[in-house]
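Q:
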Amino acid sequence: MQFPERYSSLPEYAFPRLRALLDGVEPGREPIAMSLGEPKHPAPPFLGEVLAAHVHEYSVYPPNDGHPELLEAISAWLARRYGVAVDAEREIMPLNGTREGLFAACLALSPERKTGARPVVLLPNPFYQCYAVAAITAGAEPVYVPATAETGFLPDFAAVPAELLARTTVVYMCSPANPQGAVADAAYWQRLADLAETHDFRVFADECYSEIWRTAPPPGALQADAARERILAFHSLSKRSSLPGLRSGFVTGGPRSIAALRQLRAYVGAPLPLPAQRAAAACWRDEAHVEASRALYQRKFALADDILGNLPGYHAPEGGFFLWVGVEDDVAATRRLWREAGVKVLPGSYLSRESDARLGGGNPGAGYIRVALVAQEAEVARGLTALRDTLR
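What follows is the structure in structure tokens.
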């Protein structure tokens, strides 16, 4: 059975491509995994106790809209973190991992037509691959907006031609950016919100890395002056609490948007099991484990500055847990690092694609490698040192 034709323009997912690239190449030293963004920091110390206390709730169906305890915990966290008041009952939906919400939101909220022509969904380029699949599944044309060194590694959506903005129904935006680690400041979010108002589209703000930062908490999309239905923000415990296996996140937006997402979820989704919702509520209420994890990342960023600071192509990220390192040929550098040093990274071109010709074209991920700083400190130091010695 073949994949539907509408998906034929999508490149193969990054990690199968990486496996094929390195297939048959023996690592030159003991392997060091720095390709996958899977957090390795300790889980919150209270996690096991909360799950054990509610294990009996696996015997009941979880509520589609989220348990009130979790909704209230998320609402309180949003108030503490961003200073915004969010109606816990009507403006939040817990997610079975934010990928569920980032995909489903485009299906539920991207209109089939806006100007009589095929709708457009704007994506940062490089981008999280889920965005493109969601756009195509919703029947929209994905338009890849380059995020390069010249634009501060953030997409310049205002540079998109007016004829495309007129057809735009959704803009995906990630801050801190995956993979570049760039942070959108408050002025950036406000400009994007104003653009959305002018051209009547929604902003899907992927803020999964919001709690991993170097010097100051990144501003959030919800802090922009905008209509409540205009912006949806997505957050996750995978990065904030180092719990990718819990599959817990949430989306917040206007009540009409959340109602549409809940209706779609009622038919096709899988709500988070109740014990996991209880554990998630405890995580959103606690900051101590987040601060401890952030301190570990900041130490690893300092390591990167020290080890790679004189390496051409290195720049220090503002947030997230990736390095975006410039190289002459990202695919060749990835093979060389594996063959000579046993360091596994990801070619930047696998995370992006050719930008729209109307936006200058070119693959903005080519010439970069993504390096994940998720392992323990000693392992990261070993990997960065091997990377420096090999590329230099």
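Just so it is clear: in the sequence shown, position 76 is 76 by UniProt numbering, and no numbers are missing.
Positions of the beta carbon are idealized from the N, C-alpha and C atoms, including for glycine.
1. So, helix, strand or coil for GLY101, using DSSP?
2. Out of ARG6, ALA20, ALA33, LEU47, which one is the CA nearest neighbour of HIS289?
3. Please work out which residues of its chain come closer than 6 Å, Cβ to Cβ, to ALA138, disregarding the five sequence neighbours upstream and downstream, and give them in chain order.
4. For ALA282, which residues in the same chain have their Cβ closer than 7 Å to its Cβ, ignoring the five residues on either side in sequence?
5. Nearest to VAL353 by CA position, among LEU311, VAL145, TYR61, ASP23, is which residue?
6. At the level of alpha carbons, what is the spacing between THR148 and PRO364?
7. Considering just the uninterrupted stretch of the alpha helix (DSSP H) at HIS289, what are its terminal residues?
8. Within the stretch 40 to 83, note down every full alpha helix (DSSP H) run reaching 4 residues or more, in order along the chain.
9. What would DSSP say about PRO271, mapped onto helix, strand or coil?
10. If you run the structure through DSSP and keep just helix, strand and coil, what is TYR144?
11. Thinking just about the alpha-carbon of each residue, which of TRP213, ASP356, GLU328 is nearest to the one in GLY313?
12. With 16 other CB atoms within 10 Å as the buried threshold, where does GLN180 fall?
13. Got a sec, what are the start and stop residues for the beta strand (DSSP E) TRP189 sits in?
14. Using C-beta distances below 8 Å, list every residue in its chain close to PHE322, excluding the 5 sequence neighbours before and after it, in chain order.
15. Note down the Cα distance separating ILE258 from GLY28, rounded to an integer number of angstroms.
16. Which one of ALA117, ALA134, ASN96 has the shortest CA to CA distance from ARG6?
17. When DSSP labels each residue in this structure, what does GLY348 get in the three-state scheme?
18. Whole angstroms are fine: how far does the CA of SER75 sit from the CA of ALA85?
19. I'd like to confirm the pairing. Which residues does DSSP put opposite residue 396 in its beta bridges?
20. If you reduce the DSSP assignment to three classes, tell me which class TYR131 lands in.
21. Taking the alpha-carbon positions, what's the ASP87 to ALA280 distance?
22. Quick check on ILE32: does DSSP put it in helix, strand or coil?
23. Where GLN298 and SER241 are concerned, what is the direct C-alpha to C-alpha distance, given to the nearest angstrom?
24. Assuming ALA233 and ALA205 are in contact, meaning their beta carbons sit under 8 Å apart, how far apart are those beta carbons, in whole angstroms?
25. Applying the 10 Å Cβ sphere with the 16-neighbour rule, what's the burial state of ILE136?
26. Can you tell me whether ALA333 is helix, strand or coil according to DSSP?
27. Quick check on DSSP: helix, strand or coil for ALA313?
28. Nearest to GLY360 by alpha carbon, out of LEU70, PRO161, LEU22, ARG99?
29. Please classify PHE250 as buried or exposed, where buried requires at least 16 neighbouring CB atoms within 10 angstroms.
30. How would you label PRO347, buried or exposed, when you count the other beta carbons within 10 angstroms and need 16 or more for buried?
31. I want to know whether the stretch 93 to 101 touches the stretch 56 to 72 - three or more CB-CB distances under 8 Å.
A: The relevant details are as follows:
1. helix
2. LEU47
3. For ALA138, where only same-chain residues beyond five positions count, the Cβ hits under 6 Å are CYS106, LEU107, SER110.
4. PHE46, VAL50
5. Per the sequence presented here, residue 353 reads as Arg, with Val not at that position. The residue with the shortest Cα to Cα distance from ARG353 is VAL145.
6. 6 Å
7. 288 to 308
8. 47 to 53, 68 to 82
9. coil
10. strand
11. GLU328
12. Label assigned to GLN180: buried.
13. Per DSSP, TRP189 belongs to no beta strand (DSSP E); it is in the alpha helix (DSSP H), 186 to 199.
14. GLY37, ASN178, PRO179, GLN180, GLY181, ARG370, VAL371, ALA372, LEU373
15. 51 Å
16. ALA134
17. Note: GLY348 maps to helix in three-state DSSP.
18. Cα to Cα, ALA85 sits roughly 7 Å from SER75.
19. Given that the chain is displayed from residue 1 to residue 392, the structure contains no residue 396 and the question cannot be resolved.
20. It is helical.
21. Between ASP87 and ALA280, the alpha-carbon positions lie close to 18 Å from each other.
22. strand
23. Each residue's alpha carbon lies about 15 Å from the other.
24. 5 Å
25. buried
26. Helix.
27. The question names Ala, but residue 313 in the sequence shown is Gly. Three-state DSSP puts GLY313 in coil, outside helix and strand.
28. Nearest of LEU70, PRO161, LEU22, ARG99 to GLY360, Cα basis: PRO161.
29. Buried, since its Cβ has 16 or more Cβ neighbours within 10 Å.
30. buried
31. Below 8 Å, enough C-beta pairs join the stretch 93 to 101 and the stretch 56 to 72 to call them touching: three or more.
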